[in-house]
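Asks: For reference, the structure I am asking about is given below.
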Amino acid sequence: MVLSYVASVADEAEPGQNVDNVLECTLLCEADDSCRSSRLIDATLCKVQGDPAPRGTPLTPLAEEDAYSNEGPLKSSSVGSVRKVLLVTYASGKIFEETQQKLHESLGVAEIEEHWRWNRSSFESGPHGDWYRRHQRVNFQRGGAWKPYIIWQAFRRVKWGEWLVYHDASRYVQEGFSSSVQPLLDWLESHQNENPCQCLPAVRLRQSFEHEWLQQCVPPYGTAPVPSDQAADVFCGLMQKLGTCRPREPNCCAWNWHQSTLQHAWSVWRKNRLSAKFLREWALQAEDYDNIASLPFVDQSLNALLFYRWKSQLSLRALWVPSLYVRSWRQDMDLGKMGRCDGNVFKHMNFVLDELWNQGVYQHQLLFLVDPEIWEVEKSGGLAWRSGWTSPDRWQRSLCAQKRPSLAA
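Positions in the sequence shown are counted from 1; adding 12 to them yields our numbering.
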């Protein structure tokens, strides 16, 4: 038995934008692993056919999502209830597998229903193995195309309107969840007008792309490291290739070079078309060797570049929690190689979940959804870190270009 539903594909366009309804209709099927086919039945309506365990119908991002069945549409859970969440992780190696197990053992604390655990054997056979063999060149020891691939595959598995959490099985913060993720999902739902995807694609960092690409504190993760004197040109070429900047538009490249970079150690996704568009694009672009081999961090730098490419069209916002920087500095967490540009405090959801709890207790805003191009508040608070806003000597030390860089920033 094959079930089907009909969805509008003409309600996603912003004023002045064009929507390709054929692509929109295709997306509804590509983002659903139980879909068999989709086709336009008129100019604005898409018919989607799926297996007997349908994954829900995708309405507009601002509407409550429906699930569908033989009996007809069924409303999904409302704000404030326990939402169905899928956690997806990957681990290869003892230390990473230990963290993955700790995350798994804390699912009850986190109020996460299901955990899809990936490891090296996940890519040995079947369709995932076939994919990995076709794309060996873009998969590295420290990351690569496998990361957006497993997030996209997990996203395809969850129902429209439900939730996906990706989390690194990190060597830096070897902890399980210490509290529920549900308050964070509630917070995202309550801010859907400013963040319509109800997602957290990445966390904003204080340092700029320039710092990320020039720093020598952490070796590059990829196989084609870029000399410092060529970094800006390679960065500009990628911005043009991804469509953020047009050719012969040097001011665009220079502008983005000084914008804040993002970190992707974990992310949260509500299944809707806006999230689907970004995740599909990330997974596809990561399969291009020229897009990722020269990146400083092949596990997350492309996520940051694509965020800037799509943030206006998809109304994306980054999470910004400046209080976590200050808190970590008070605990001497700024004494490592990266100094006060160290992002370890953002490498686990626990830090953000605790700060969200503090926000409620003290009735003082600590979590912000921001356009990372806006620096003014951070500049006045002394948190933004980019060349020209500090002394040349401190800037060079923060790049680990001199001795004792740990106290530079």
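Using N, Cα and C, we set each Cβ at its ideal position, and we do this for glycine too.
#1: Checking 8 angstroms against the spacing of the C-beta atoms, do residue 249 and residue 321 come in under that value?
#2: In this structure, does DSSP put residue 112 in helix, strand or coil?
#3: What is the residue span of the alpha helix (DSSP H) that residue 159 lies within?
#4: Please go through the same chain and pick out, in chain order, the residues whose beta-carbon is closer than 8 angstroms to the beta-carbon of residue 292, but skip the five residues on each side of it.
#5: Does DSSP put residue 396 in a helix, in a strand, or in coil?
#6: Can you tell which of 410, 170, 175 and 208 has its C-alpha closest to the C-alpha of residue 195?
#7: In this structure, how does DSSP classify residue 155 when only helix, strand and coil are distinguished?
#8: Would you mind sorting residue 205 into buried or exposed? The rule is 16 or more other CB atoms within 10 Å of its CB.
#9: Alpha carbons only, please: which of 399, 177, 359 and 258 is nearest the one belonging to residue 219?
#10: Out of 360, 402, 365 and 378, which one is the CA nearest neighbour of residue 111?
#11: Are the CB atoms of residue 170 and residue 286 within a distance shorter than 8 angstroms?
#12: On the criterion of 16 or more Cβ atoms from any shown chain inside 10 Å, does residue 343 qualify as buried, or is it exposed?
#13: What does a CB cutoff of less than 7 angstroms around residue 221 pick up in its chain, not counting 5 residues either side in sequence?
#14: Exposed or buried, which one is residue 351 when buried takes at least 16 other CB atoms within 10 Å?
#15: Alpha carbon to alpha carbon, how far is residue 379 from residue 200? Give it in angstroms, no decimals.
#16: Look up residue 340 in the DSSP assignment and give the residues it is bridged to.
#17: For residue 141 and residue 369, what's the separation of their Cα atoms in angstroms?
#18: Which same chain residues, not among the five before or five after residue 129, have their C-beta less than 7 angstroms away from its C-beta?
#19: Shortest alpha-carbon distance to residue 126 belongs to which of 148, 95 and 138?
#20: Look at the alpha carbon of residue 365 and the alpha carbon of residue 192, and state the distance between them as a whole number of angstroms.
#21: Does the distance from the C-beta atom of residue 213 to that of residue 313 stay below 8 angstroms?
#22: According to the neighbour-count rule (16 or more other Cβ atoms, all chains shown, within 10 Å of its Cβ), is residue 305 buried or exposed?
#23: Can you name the residues that DSSP bridges to residue 126?
#24: Tell me where the alpha helix (DSSP H) around residue 382 begins and ends.
#25: Check whether the Cβ atoms of residue 331 and residue 215 lie closer than 8 angstroms to each other.
#26: Strictly by DSSP, which residues pair up with residue 20?
#27: Leaving aside the five residues before and after residue 353 along the sequence, list all residues of the same chain whose C-beta is less than 7 angstroms from its C-beta, in chain order.
Replies: So, to answer that:
#1: no
#2: helix
#3: 158–169
#4: 39, 42, 43 and 164
#5: coil
#6: 175
#7: Strand, per DSSP.
#8: With fewer than 16 Cβ atoms within 10 Å of its Cβ, residue 205 is classed as exposed.
#9: 399
#10: 360
#11: Taking 8 angstroms as the Cβ cut-off, residue 286 and residue 170 do not qualify as a contacting pair.
#12: Around the CB of residue 343, fewer than 16 other CB atoms lie within 10 Å, so the residue is classed as exposed.
#13: 247, 268, 269, 271 and 273
#14: buried
#15: 11 angstroms
#16: Bridge partners of residue 340: none, in fact.
#17: Each residue's Cα considered, the two are about 41 angstroms apart.
#18: 101, 112 and 116
#19: 95
#20: 8 angstroms
#21: no
#22: Its Cβ being crowded by 16 or more others within 10 Å, residue 305 is buried.
#23: 98
#24: Note, residue 382: premise wrong, no alpha helix (DSSP H); beta strand (DSSP E) at 380–382.
#25: Cβ distance < 8 angstroms, so residue 331 and residue 215 count as in contact.
#26: 57
#27: 218, 219, 223, 397, 410 and 421
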